[in-house]
Amino acid sequence: MFVLRKILASTLTCLLLLGVVGQSAFALKQEQKGTIVLKNLNGLDRTIKIDIPNDANSTKEKVSFALHELLSSNYENDEVFSEIPKGTDINNLDFDGEKLTIDLNQEFQDNLTNNHNVGFILDSLLGTAYQFDDIKEVEFLIDGAPIGYLDMYDFSVPFERPNPEAKEKSKKQKVSPMKNEPDADPVIVIDPGHGGKDPGSIGSDGTEEADLNLEIAKKLRDYLEDKLDATVYMTRTTDKFVDLDKRYALANEKKADIFISVHINSSSTSSVKGATVLYPNNHHINLSREAADFVHNRVIDVLRDYKSPYEDNRNLAVLRGTKMPAILTETGFISNSSDLKYLKSSSGQDEIANKIYRGVKDWWFD
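Throughout the sequence shown, residue numbering follows mature numbering (1 follows the signal peptide of the UniProt record, and there is no 0), covering -27 to -1, 1 to 339 in sequence.
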């Protein structure tokens, strides 16, 4: 009898232990972790962990919660910030199993200034959405209506999820030379960003990005013509507005060997500074990446390295529409006082132009 009681007690203890373990496992299973993407004071992505409620079961419910947390400002502090304009909210959110449609309120566009970095905004919104694997593309609306262009970014088409496997495959592919013979003279199209009714970003003293882009571009043209014997075409040589599609159309018409779009960066946070280069993700990826690397490695001799060259996944029109290797240079932040001082100086503009020229020369004869 004593032995039987002992066996029963042991069995009961095991059952209780199994129950506790089961409850713990159930609780662990129910716990949902998520992330939002903000920016650190250097303008780089900072992933912040969040808790998603246990009753958020579908992808739509989870991404809706995460995006509302992103817009809440609850996670911003002295080390991280959000570039998304204050007052931005989501009217409606739909998910059809692949495409996420985010309908933003009108305040998003109304509060978007020239110095808001639309690329940063997309980094946060898309980075937060794409943590959920079944979201393949994201479409944006404002009060239910299509958006069109915001700055240089084409919002009229959905933003496709980056495909790491395709990118890795592209890196491993043997590069087929598409440049002319080494002794041939290159044909180059330079695109000074913005202009006319579109000033681009604006410095604290009223300096317009469009004017600085044009000065650097003209100096770059002179270097390329004088020292590389290049045939150079420019999308604009004065302060005038040029549609984005006409910019890349000129490069395609002239059958350019490379397209160079000259820009200066900006942010709502003035601490961000330095240079980077972007290249397309839909054509001539290898050659464009090589050109971006050569140019960036030269430019960071005179400007801080903000970010290594990277593939555009944010629908930059002039990169997507070209039919040859293409790069977009971001030489400093007009919103940063030290970068601005350098960018306004004739010597600074000349140094930047010279470094871009040297990078293009390195690439051409590589």
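We put the beta carbon where it would ideally sit given N, CA and C, even for glycine.
The structure displayed is predicted, hence computed values, not measured ones.
Exposed unless 16 or more other CB atoms sit within 10 angstroms - verdict on residue i
| i | result |
| --- | --- |
| V157 | In the sequence under discussion, the amino acid at residue 157 is Ala, which differs from the Val named in the question. Exposed, since its Cβ has fewer than 16 Cβ neighbours within 10 Å. |
| W337 | buried |
| K59 | exposed |
| L17 | exposed |
| E52 | exposed |
| P165 | buried |
| Q146 | For Q146, the predicted structure reports a pLDDT of 45, less than 50, and the residue's modelled location is therefore unreliable. A value from the coordinates is still provided. Exposed, by the Cβ-count rule. |
| F214 | exposed |
| P298 | buried |
| E263 | buried |
| N47 | exposed |
| D124 | buried |
| K328 | buried |
| E71 | exposed |
DSSP beta-bridge partners of residue i
| i | result |
| --- | --- |
| E183 | What sits at residue 183 in the sequence shown is Ala, not Glu. The partner list for A183 (beta bridge, DSSP) is empty, contrary to what the question assumes. |
| R19 | L11 |
| Y315 | Y315 is not bridged to any residue. |
| Y252 | E284 |
| D171 | G168 |
| N65 | D76 |
| V111 | L73, F132 |
| V160 | T204 |
| Q5 | I25 |
| V291 | BP columns for V291 are empty, so no partner. |
| A118 | I115 |
| A224 | DSSP output for A224 lists no bridge partner at all. |
| V275 | According to DSSP, V275 bridges with nothing at all. |
| V235 | P165, T302 |
| V245 | Its beta-bridge partners do not exist; DSSP assigns none. |
Integer Cβ distance of residue i from residue j, believed to fall under 8 Å
| i | j | result |
| --- | --- | --- |
| K227 | V162 | 6 Å |
| P172 | A190 | Not confirmed; about 15 Å, so no contact. |
| V111 | L85 | V111 to L85, Cβ: 18 Å. No contact. |
| G305 | D278 | The pair is not a contact, with the Cβ atoms about 11 Å apart (cut-off 8 Å). |
Same chain, Cβ closer than 8 Å to residue i, five either side skipped, listed in chain order
| i | result |
| --- | --- |
| P119 | F128, S129 |
| E49 | L11, S55 |
| K101 | It should be pointed out that residue 101 corresponds to Thr in this sequence rather than to Lys. Counting only Cβ-Cβ distances below 8 Å, and skipping sequence neighbours, we find T8, I9, V10, V36, A39, L40, L43. |
| N288 | Y126, D127, F128, V130, F132 |
| I63 | S37, L40, H41, L44, I75, D76, L77, N78 |
Contacts around residue i, its chain only, beta-carbon distance under 6 Å, and the 5 residues preceding and following it disregarded
| i | result |
| --- | --- |
| A224 | V162, F232, T295 |
| E42 | I9, I23 |
| P282 | V250, A265, D266, H269 |
| D107 | T32 |
| G321 | Y315 |
| K280 | T249 |
| I25 | Q5, G7, K35, F38 |
7 Å Cβ shell around residue i - same chain, five flanking residues per side excluded
| i | result |
| --- | --- |
| D202 | D158 |
| F113 | I75, L77, I120, F128 |
Does the region 207 to 226 come close enough to the region 261 to 273 to have 3 or more Cβ pairs within less than 8 Å? no
Can you confirm whether the region 230 to 249 touches the region 90 to 108 when touching is taken to mean that 3 or more C-beta pairs between the two stretches lie within less than 8 Å? yes
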